[in-house]
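Enquirer: Please see the structure below; I have some questions.
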């Protein structure tokens, strides 16, 4: 994890407490200890990027924050609540959304069906029309199955799906891939 660089743009409105605080995060895949003491903070409205070469731990860090790693320790606090022992579904309900690098769209469903699947977990989620304003290509491909979309269109669809949830924190893994 020593090869990962954290870059950020200052939050538009300074916040007294961070939206996300990660302190001493450790993570394992089976018996392999792969995250070693990762620490960072993200304020509300801040855009933060994890940079590093392949295998440096960027995806693993996001999975650990989201509770997807089966074994993790340290401290992860979201909006003042400790999440380290919570399952990923409860973390998502709290307002964190994760878009994995493999996109996780339903390839046999249409664009419209994919966009209608995620619930609006919190107020502030975008409507389908608002998503089409952001990604006009998706509106043109409304009835196309996920398998018929280009890699870039699949990525737009995956991001559009998480924007429907109203999450306050978006974890985007390789958002420009494809």
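Numbering (our numbering), first residue to last: 415 to 592.
C-beta atoms are modelled at their ideal positions from N, C-alpha and C, and glycine is treated no differently.
Buried or exposed: where does residue 416 fall if 16 or more other Cβ atoms within 10 Å of its Cβ makes it buried?
Expert: Along the chain shown, one-based indexing puts residue 416 at 2. Because the pLDDT at residue 416 is just 48, under 50, the model does not fix this residue reliably, and the point stays unresolved.
Enquirer: Nearest to residue 475 by alpha carbon, out of 585, 492 and 532?
Expert: Stepping through the chain shown from its first residue, residue 475 is reached at position 61. Residue 585 is the option with its Cα nearest to residue 475.
Enquirer: So, does the region 517–526 touch the region 481–490, judging by three or more C-beta pairs under 8 Å?
Expert: Touching, no.
Enquirer: Can you pull the DSSP bridge partners for residue 447?
Expert: The sequence position of residue 447 within the chain shown is 33, counting from 1. 442, per the DSSP bridge assignment.
Enquirer: At a Cβ threshold of 8 Å, is residue 470 touching chain D?
Expert: Of the chains in the structure shown, none is chain D; there is only one protein chain.
Enquirer: For residue 590, which residues of its own chain have a beta-carbon under 8 Å away from its beta-carbon, when the five flanking residues on both sides are left out?
Expert: The count along the chain shown starts at 1 and reaches residue 590 at position 176. Only 569 meet the Cβ criterion.
Enquirer: Use the C-beta contact count for residue 587: other C-beta atoms within 10 angstroms, 16 or more gives buried, fewer gives exposed.
Expert: Mapped onto the chain shown, residue 587 falls at position 173. Residue 587 should be labelled buried.
Enquirer: On the criterion of 16 or more Cβ atoms from any shown chain inside 10 Å, does residue 465 qualify as buried, or is it exposed?
Expert: As a working mapping, residue 465 is identified with position 51 in the chain shown. Counting Cβ neighbours within 10 Å, residue 465 comes out exposed, since fewer than 16 surround it.
Enquirer: Tell me, please, whether the region 541–550 touches the region 572–581 by the rule of three or more beta-carbon pairs shorter than 8 Å.
Expert: Judged by Cβ distances under 8 Å, the region 541–550 makes contact with the region 572–581, as three or more pairs qualify.
Enquirer: Quick check on DSSP: helix, strand or coil for residue 520?
Expert: In the chain shown, counting from the first residue as 1, residue 520 sits at position 106. Residue state, collapsed to three classes: coil.
Enquirer: Report the start-end ranges of each alpha helix (DSSP H) in the region 480–559 that is 4 residues or longer and not cut off at the edges.
Expert: Listed in chain order, the complete alpha helix (DSSP H) runs (minimum 4 residues) inside the region 480–559 are 502–508, 525–530, 542–548 and 550–554.
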